[in-house]
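Residue numbers (this note's numbering): 11 to 261. The structure under discussion appears below in the form of structure tokens.
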Amino acid sequence: GRRSQLARRVMPRLLEPPDLPDEPLPTLSWLLGHADAGLRLTARHYIAPSLVGEAAGMFDWHPSGAGAADRRHQELEVYPLHTLRALAQHEMGAVRRSGGVLVLTRTGRLMAEDAAVRWHIGTAALIGPDDEPDPDFTVAVREAALLVIAVNDGPIAYEELADRLTELHAAEGWSSRSGGSLAEAIRGEIHVLRHRLRALHLLDESTAGGSAGPSVVSSTWLSVGLTSTGMAAALSALLSRALRPRHHDHQ
Numbered sequence: 011g012r013r014s015q016l017a018r019r020v021m022p023r024l025l026e027p028p029d030l031p032d033e034p035l036p037t038l039s040w041l042l043g044h045a046d047a048g049l050r051l052t053a054r055h056y057i058a059p060s061l062v063g064e065a066a067g068m069f070d071w072h073p074s075g076a077g078a079a080d081r082r083h084q085e086l087e088v089y090p091l092h093t094l095r096a097l098a099q100h101e102m103g104a105v106r107r108s109g110g111v112l113v114l115t116r117t118g119r120l121m122a123e124d125a126a127v128r129w130h131i132g133t134a135a136l137i138g139p140d141d142e143p144d145p146d147f148t149v150a151v152r153e154a155a156l157l158v159i160a161v162n163d164g165p166i167a168y169e170e171l172a173d174r175l176t177e178l179h180a181a182e183g184w185s186s187r188s189g190g191s192l193a194e195a196i197r198g199e200i201h202v203l204r205h206r207l208r209a210l211h212l213l214d215e216s217t218a219g220g221s222a223g224p225s226v227v228s229s230t231w232l233s234v235g236l237t238s239t240g241m242a243a244a245l246s247a248l249l250s251r252a253l254r255p256r257h258h259d260h261q
């Protein structure tokens with residue numbers, strides 16, 4: 011099928027050692043560094059506003075919401091940080107809540123101390139876990155999106171990416187789990203992937219166009235493009251996916 015053809019085209023690049031900066035995942039390193047000392051949370055268990063403001067300023071994450079720029083930042087108003095925290099806590103298993111702080115798990119401590127471990131686990135989260143015997147739609151779409159972006163080897167128009175992914179998944183027999191349009195479900199998954207890329211500072215913002223909120227698919231996106239580190243991360247995520255343990259049916 012088309013997915014296999016894309017994978018074959020990308021495969022030689024998966025084995026090439028990436029050319030990475032000293033800290034390829036600075037946002038994740040920041041979060042783990044604060045969690046090492048106990049990252050302060052509010053009474054409702056969101057990241058403390060002072061730390062939200064620190065991250066927003068450091069990584070050029072502009073808060074959303076009316077008047078957000080003129081008051082203390084809240085985690086939900088800086089959506090890349092909220093996405094980063096969710097990835098680190100629920101998919102990477104790097105941090106956990108202990109009372110009023112986020113602390114490192116055993117995995118998180120390994121990630122904080124070893125850049126290679128941080129890169130491997132951090133980039134694998136772009137696609138996400140697929141621990142069930144049955145294929146997962148969200149994981150399938152994110153994998154295919156990274157394959158298409160990697161083969162394109164440059165920014166790809168948002169509409170073209172959505173159309174190609176819809177065609178590929180329709181040919182594979184996928185349907186929307188909600189019973190709605192397959193095309194709209196795939197657009198939603200592209201949006202999720204874009205948030206993950208932005209949270210890990212891998213999205214080329216100069217190609218991104220509009221910056222819609224967490225639940226809005228923006229029609230003003232010009233294209234989806236990755237930084238050079240972002241492309242290396244996409245290839246790393248695809249390699250992790252290719253090397254994952256396989257489930258076998260013993261019926």
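Just so you know, even glycine gets a beta-carbon here, dropped at the ideal spot from N, CA and C. Every value quoted in this text rests on a predicted model; they were computed, and no experiment measured them.
With DSSP run on the structure shown, which of helix, strand or coil describes residue i?
i	result
S238	helix
R19	helix
V111	strand
L157	helix
S233	strand
I57	strand
R106	strand
L213	strand
Return the CA-CA distance between residue i and residue j, expressed in angstroms with no decimal places.
i	j	result
R106	L49	10 angstroms
G220	L25	With a pLDDT of only 48 at G220, under 50, the local geometry of the prediction cannot be trusted, and the value read off the model is given with reservation. Those two C-alpha atoms are separated by around 34 angstroms.
H100	L232	31 angstroms
H72	L236	19 angstroms
V4	D214	With the chain represented from 11 up to 261, any question about residue 4 goes unanswered, as that position is not in the structure.
P139	G67	31 angstroms
I137	E123	23 angstroms
A180	I166	20 angstroms
If you follow the alpha helix (DSSP H) that residue i is part of, which residue opens it and which one closes it?
i	result
R174	168 to 181
E253	Checking the sequence, you will find Leu at residue 253 rather than Glu. It is not in any alpha helix (DSSP H) - L253 carries neither H nor E in the DSSP assignment.
V88	Where V88 is concerned, there is no enclosing alpha helix (DSSP H), given that its DSSP letter is neither H nor E.
P145	No alpha helix (DSSP H) contains P145, which DSSP labels as neither H nor E.
L35	From DSSP, L35 is part of no alpha helix (DSSP H); its letter is neither H nor E.
G48	That residue, G48, is in no alpha helix (DSSP H); it is neither H nor E in DSSP.
On the CB-based measure, 16 or more other CB atoms within 10 Å of its CB, does residue i come out buried or exposed?
i	result
R116	exposed
T52	exposed
M121	buried
H205	buried
A45	buried
A126	exposed
R174	buried
Using a C-beta cutoff of 7 angstroms, does residue i count as contacting chain D?
i	result
D146	Any reference to chain D falls outside this structure, which holds one protein chain only.
Validate contact between the segment 155 to 166 and the segment 239 to 248 using beta carbons, cut 8 angstroms, 3 pairs: Contact holds: three or more Cβ-Cβ distances are below 8 angstroms.
Segment contact, 8 angstroms Cβ cut-off, at least three pairs: the segment 59 to 66 with the segment 83 to 97: Yes, the segment 59 to 66 touches the segment 83 to 97.
The segment 90 to 108 / the segment 32 to 46 touching (three or more Cβ pairs under 8 angstroms): The segment 90 to 108 makes contact with the segment 32 to 46; the number of CB pairs closer than 8 angstroms reaches 3 or more.
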